[in-house]
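So the sequence shown is numbered by the working numbering: it starts at 337 and just counts up by one.
Glycine included, each C-beta is placed from N, C-alpha and C at the ideal position.
These numbers were taken from a predicted model, which means no experiment stands behind them.
Data block below; observations after.
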Amino acid sequence: MLDKICSPISKELQQLEEKFKVIIQSDVKLVNDVFAHIVGSKGKRLRPILLFLSSGLNGKPTEKSIDAALLVELLHTATLIHDDVVDNSDMRRGIPSINQIWENKISVLIGDFIFAHIFKTLVDMQDDEMIRIIANISIQMSQGELLQMENANDFLLDESIYMRLISHKTASLLAATCQLGAITSESPSSDHKKNLYLFGEYLGLAFQIKDDLLDYYGSEESMGKPIGKDLIENIITLPVIFSLNKAERDERDHILSLLKNEKQEHVSEIKDFVRQKGGIDYAEQKAEYYINKALQKLEIYPTSAYKNSLILLADYITSRDK
337 MLDKICSPIS KELQQLEEKF KVIIQSDVKL VNDVFAHIVG SKGKRLRPIL
387 LFLSSGLNGK PTEKSIDAAL LVELLHTATL IHDDVVDNSD MRRGIPSINQ
437 IWENKISVLI GDFIFAHIFK TLVDMQDDEM IRIIANISIQ MSQGELLQME
487 NANDFLLDES IYMRLISHKT ASLLAATCQL GAITSESPSS DHKKNLYLFG
537 EYLGLAFQIK DDLLDYYGSE ESMGKPIGKD LIENIITLPV IFSLNKAERD
587 ERDHILSLLK NEKQEHVSEI KDFVRQKGGI DYAEQKAEYY INKALQKLEI
637 YPTSAYKNSL ILLADYITSR DK
């Protein structure tokens, strides 16, 4: 499905790949070695795809759109590197993570190096609005990670706090990505910028809720990480929050004790509990709700290849298995 989604923006994606391969260069061999590993572990490029398609809704993507997509992908890359250190992850996209190969100290410094490069590039571009947007995303994503740490192991967390957490941690980047697509298009407008920000925000909320669900029906091969990892590592997800709130006290206490043990052998029982309490169905409905809100934001745009691809992308997000 991704090939079909990307067909209107294949030229822009190719230009992005060419720039991405050479954007980080250093006279320090270690930096080049690590970045070669990053280039070799290419992801789906969801954020550049969103940015280019958003640009196409109001004109066409421009050279500035490609530069913005490059910066967004670098920002996403740097945050993943730091996330793997924080989470002590040893796999990323099905291959060893940077911290697994080069250890945490180097991973932290490489992430910092990429962040510094992003802001140097922004200063060179002399685009105040883009600087503000990228800086704001960085702040929001950091706050999301810290909010997650602040509420670690609190499985009885209020759902509103969970939604705030994923809004900062995940949805803020997709919202700003679509916003950058709007301001770098051939015909930027204030209304276009606001509308696509909301489209990206709703899409991002659905994306993260769907990510929560992959622990229940994804496969280790497709996801590139162990199934049940969120449960073992006490990462708070919507299916668990909902299910615990529905349980009687004794049952809730039992499941909480299993969660706190952090053992693979308990994953199957916890999953069965979540299914029985309706946690999976609830999260599916919530993801669908936000996808529909996102699609409503596209109704003002005339039919085009770009719009059709964004609609397909929304469907891809709700049906993906990785």
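{"Asked": "Could you check whether Thr506 and Gln544 sit closer than 8 Å to each other, using their CB atoms as the reference points?", "Found": "yes"}
{"Asked": "Taking 8 Å as the threshold (C-beta atoms), are Ser390 and Asp420 in contact?", "Found": "no"}
{"Asked": "Could you give the DSSP three-state label for Pro397: helix, strand or coil?", "Found": "coil"}
{"Asked": "Which residue or residues does DSSP assign as beta-bridge partners of Pro432?", "Found": "Met427"}
{"Asked": "To which residues of the same chain is Thr639 closer than 8 Å at the C-beta, ignoring the five residues directly before and after it?", "Found": "none"}
{"Asked": "If you drop the 5 nearest sequence neighbours on each side, which residues of the same chain put their C-beta closer than 6 Å to that of Gln322?", "Found": "An answer regarding residue 322 cannot be provided, because it is not within the stretch 337 to 658 covered by the chain."}
{"Asked": "Grab me the residues of Thr413's own chain with a C-beta within less than 8 Å of its C-beta, minus the 5 sequence neighbours each way, in chain order.", "Found": "Ile374, Ile450"}
{"Asked": "Spell out a yes or no on whether the stretch 631-638 and the stretch 374-387 are touching, meaning 3 or more CB-CB pairs, one atom from each, closer than 8 Å.", "Found": "no"}
{"Asked": "For a quick check, are the C-beta atoms of Asp566 and Asp551 less than 8 Å apart?", "Found": "yes"}
{"Asked": "Look at Leu574 and Asp608 and say whether their C-beta atoms are less than 8 Å apart.", "Found": "no"}
{"Asked": "On the CB-based measure, 16 or more other CB atoms within 10 Å of its CB, does Asn368 come out buried or exposed?", "Found": "exposed"}
{"Asked": "Go ahead and label Ile431 buried or exposed: buried means 16 or more other beta carbons lie within 10 angstroms of its beta carbon, across all protein chains shown.", "Found": "exposed"}
{"Asked": "Between the C-alpha atoms of Asn394 and Arg500, what's the straight-line distance to the nearest angstrom?", "Found": "30 Å"}
{"Asked": "Cα-Cα, which of Gln600, Lys613, Leu541, Glu439 is closest to Val576?", "Found": "Lys613"}
{"Asked": "Do Ile571 and Ala583 have their C-beta atoms closer together than 8 Å?", "Found": "no"}
{"Asked": "DSSP state of Phe491, grouped into three classes?", "Found": "coil"}
{"Asked": "Could you give the C-beta distance for Leu287 and Ala404, rounded to a whole number, given that I count them as a contact under 8 Å?", "Found": "Residue 287 lies beyond the stretch modelled for the chain, which goes from 337 to 658, so this question has no answer here."}
{"Asked": "Mind checking which residues open and close the alpha helix (DSSP H) that includes Asp547?", "Found": "526-553"}
{"Asked": "Going by DSSP in three states, Pro317 sits in which element: helix, strand or coil?", "Found": "Since the first residue shown for the chain is 337 and the last is 658, residue 317 is missing from the structure and cannot be characterised."}
{"Asked": "What residue range does the alpha helix (DSSP H) around Met682 cover?", "Found": "Not covered by the structure: residue 682. The range shown for the chain is 337 to 658."}
{"Asked": "How far does the alpha helix (DSSP H) with Pro575 in it reach, from first residue to last?", "Found": "574-582"}
{"Asked": "Relative to the C-alpha of Lys546, which residue among Leu338, Ala619, His453, Asn472 is closest?", "Found": "Ala619"}
{"Asked": "Determine the closest residue to Phe625 out of Arg468, Gly615, Thr654, Asn597, with distance taken between C-alpha atoms.", "Found": "What sits at residue 625 in the sequence shown is Tyr, not Phe. Looking at the Cα atoms, Thr654 is the closest of the given residues."}
{"Asked": "How is Val610 classed by DSSP in three states: helix, strand or coil?", "Found": "helix"}
{"Asked": "At a Cβ threshold of 8 Å, is Pro638 touching chain C?", "Found": "Here there is only one protein chain, and chain C is not present."}
{"Asked": "Taking the CB atoms as reference points, tell me whether Leu662 and Gly517 lie closer together than 8 Å.", "Found": "Residue numbering for the chain in the displayed model covers 337 to 658; residue 662 lies beyond these limits and cannot be assessed."}
{"Asked": "Check for me: the alpha helix (DSSP H) holding Glu624 runs from which residue to which?", "Found": "615-632"}
{"Asked": "So the candidates are Arg428, Leu407, Lys355; which of them puts its Cα closest to the Cα of Gly379?", "Found": "Arg428"}
{"Asked": "Please classify Ser656 as buried or exposed, where buried requires at least 16 neighbouring CB atoms within 10 angstroms.", "Found": "Sequence check: residue 656 is Arg here, not Ser. It is buried - the Cβ of Arg656 has at least 16 other Cβ atoms within 10 Å."}
{"Asked": "Quick check on this structure: which residue in Tyr498, Ile454, Leu492, Phe491 has the alpha carbon closest to the alpha carbon of Gly480?", "Found": "Tyr498"}
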